[in-house]
Amino acid sequence: MKKAFGLLTIVMLLTMALAACGAAGTELTCPEGDICVEVGPDDPIRVGWMFVVSGGDAALGTDTKRGCEIAVEDQGDILGHSIELVGEDELCSAEGGQTAATKMVADPKLAAIVGTTCSSGARAAIPIVCGASIPMISPSNTAPDLTAEDKPPEYWCYMRTAPNDTVQGAAMADYAYEQGYTKAATVHDGSIYADQLQQVFASRFLELGGEIVAQEAVGPDDTDMKPMLTRLAATGPEFIYYPIFTKAGGQITKQAREVAGLEDVQLSGADGLFSPDFLEAAGAAAMGFNWSSPDFSTFGAGYGEFLAKHETKYGEKTLAPFHAHAYDGARIIFAAIEKVAIQGEDGSLLIPRKALHAAMAATKDHPGLTGNLTCNELGDCADPKIAVYEGVDTDPESWNPGVEEGNNPIKIWP
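As numbered in the working numbering, residues -8 to 405 make up the sequence shown, in order.
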């Protein structure tokens, strides 16, 4: 009896030891020096967004948020895990970006972030996000300094699929000069996006042989533009470029036609005004308006399918220029997670954030909606192609950018 009991005890101890060894074999270890997101066997992989989804510029962020949502649907799952999108409104401001980033980084389950919408929000958010070693990729930040060679070291985790404004500003200047305009003026709203973009335009226009007769500034919430426009009219511009946002941009457009000397001047803006909300804000004065914005006619073969999915899902056409860039940014994150995630036998995952960023930064020849994407060492991943569009209808319901007759706005260059 004692022998039987002793044998039983030994068998039980061996069984427990083997079970312990098996459990130790499935234990996942985060790479040294990295910060890992733990994903339970039945848990989703959490990816964040930081976009402006309220106020006068909400169309910009809603458009990109929808791009992310369609990317999640198309992806399905990653290594057997569903994808959960969580987000914060960055308000298109430095204060909003700081607040949104602070809330986002408090989540230990967050693998990466798509955002921000606005460059001003990005400047405040990036150091906070990078401080938590969370990869961040923006679909719509275009300010050149965010990926400049002398960018701050705390921007190390930041990337973008949006085109750099060194391309957009130069393209608009090329267009204006080719159309025979020799005197141009610019207006910015103090944001880094607008200020840097108008300066790129001005520098290129001067380089081509044109004259910049004035560079004015307004506040993003200003409503009385007459004093500024009167000063502008006195300088004799033929072409005015104001790459700002809807609230101030709509006021400038409406009031410019009421100022002597500006009745026939060509008015123009950039992607920050490229939405049906601007048509509503500017009213009849938006007829003939010019925009610089991504060239949708050069997008990949899957873009048409994306547009059809968008209209079916949301019951309307896209709202702004960067939905496809958001889709591409999200898919770059998903592909990188598949490469670096450490899998447990029970289906759990560890996602090392620094390794995730490295995999995203190594993206090469990614077949995106916006083109064939390769990321450089500074964080620029875009395949940047810019077009100029013209408004041919002022009804916001007519918004349907493209190259065909009946599109509004319609591509007019190149």
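Every residue, glycine too, gets a C-beta built ideally from N, C-alpha and C. It should be emphasised that the depicted structure is a prediction, and the values quoted were computed from it without experimental measurement.
Ranked by Cα distance from residue 75, the first of 38, 350, 389 and 180 is 38.
A direct Cα-Cα distance of roughly 49 Å separates residue 390 from residue 335. Counting the other CB atoms within 10 Å of its CB gives residue 331 a total of 16 or more, which places it among the buried residues. With fewer than 16 neighbouring CB atoms inside 10 Å of its own CB, residue 275 falls in the exposed class.
The residues 267, in chain order, have a CB closer than 8 Å to that of residue 388 in the same chain once the five nearest residues on each side in sequence are set aside. Looking from the CA of residue 25, the closest CA among 125, 69 and 85 belongs to 125. In the DSSP assignment, residue 126 falls outside any alpha helix (DSSP H), carrying neither H nor E.
In the three-state reduction of the DSSP assignment, residue 271 falls in the helix class, which pools H, G and I.
Secondary structure of residue 331 (DSSP, three-state): helix. Three or more Cβ pairs drawn from the segment 314 to 323 and the segment 56 to 66 lie within less than 8 Å of each other, which places the two stretches in contact. With a cut-off of 8 Å on Cβ pairs, the segment 210 to 225 is not in contact with the segment 163 to 174, counting fewer than three such pairs. Rounded to whole angstroms, residue 309 and residue 36 show a C-alpha spacing of 27 Å. If only complete runs of 3 or more residues are kept, the segment 309 to 380 shows the beta strand (DSSP E) at 340 to 343, 357 to 359 and 362 to 364, in order along the chain.
Residue environment for residue 363: exposed (fewer than 16 other C-beta atoms within 10 angstroms of its C-beta). Counting only the Cα atoms, residue 194 lies some 59 Å from residue 337. Between the C-alpha atoms of residue 290 and residue 360 there is a straight-line separation of about 6 Å. The criterion of a C-beta distance shorter than 8 Å is satisfied by residue 102 and residue 347. Residue burial annotation: residue 97 is exposed, with fewer than 16 other C-beta atoms found within 10 angstroms of its C-beta. Taking C-beta atoms as the reference points, residue 128 and residue 152 count as a pair closer than 8 Å. Across the set 349, 301, 263 and 368, the C-alpha of 263 shows the shortest separation from the C-alpha of residue 47. By the beta-carbon neighbour count (other beta carbons within 10 angstroms, threshold 16), residue 405 is exposed. Residue 403 sits in a strand when the DSSP states are folded into three classes.
Its Cα nearest to that of residue 355, the residue 374 stands out among 142, 374, 138 and 70. Here residue 106 carries a strand assignment [DSSP, helix/strand/coil]. At a Cβ-Cβ threshold of 8 Å, residue 235 and residue 258 do not count as neighbours. Cα atoms of residue 255 and residue 141: separation of roughly 41 Å, rounded to the nearest angstrom.
The three-state reading of DSSP puts residue 265 in coil, since its state is none of H, G, I, E or B.
Shown here for residue 180: same chain residues with a beta carbon closer than 6 Å to its own, the five before and five after excluded, namely 209, 211, 235 and 239 in chain order. Contact check for residue 351 against residue 323 passes: the beta carbons are separated by less than 8 Å. Taking a contact as a CB-CB distance under 8 Å, the pair residue 94 and residue 79 counts as one, their CB atoms being some 5 Å apart. Within the same chain, and ignoring the five residues on either side of residue 216 in sequence, the residues whose Cβ sits closer than 7 Å to its Cβ are 209, 242, 243 and 246.
By the criterion of a C-beta distance shorter than 7 Å, residue 52 is surrounded in its chain by 42, 43, 44 and 108, once the five residues flanking it on both sides are discounted. C-alpha of residue 185 to C-alpha of residue 49: approximately 18 Å in a straight line. Boundaries of the beta strand (DSSP E) around residue 28: 27 to 30. The Cβ atoms of residue 342 and residue 28 lie closer than 8 Å to each other. Counting the other Cβ atoms within 10 Å of the Cβ of residue 304 gives fewer than 16, which makes it exposed.
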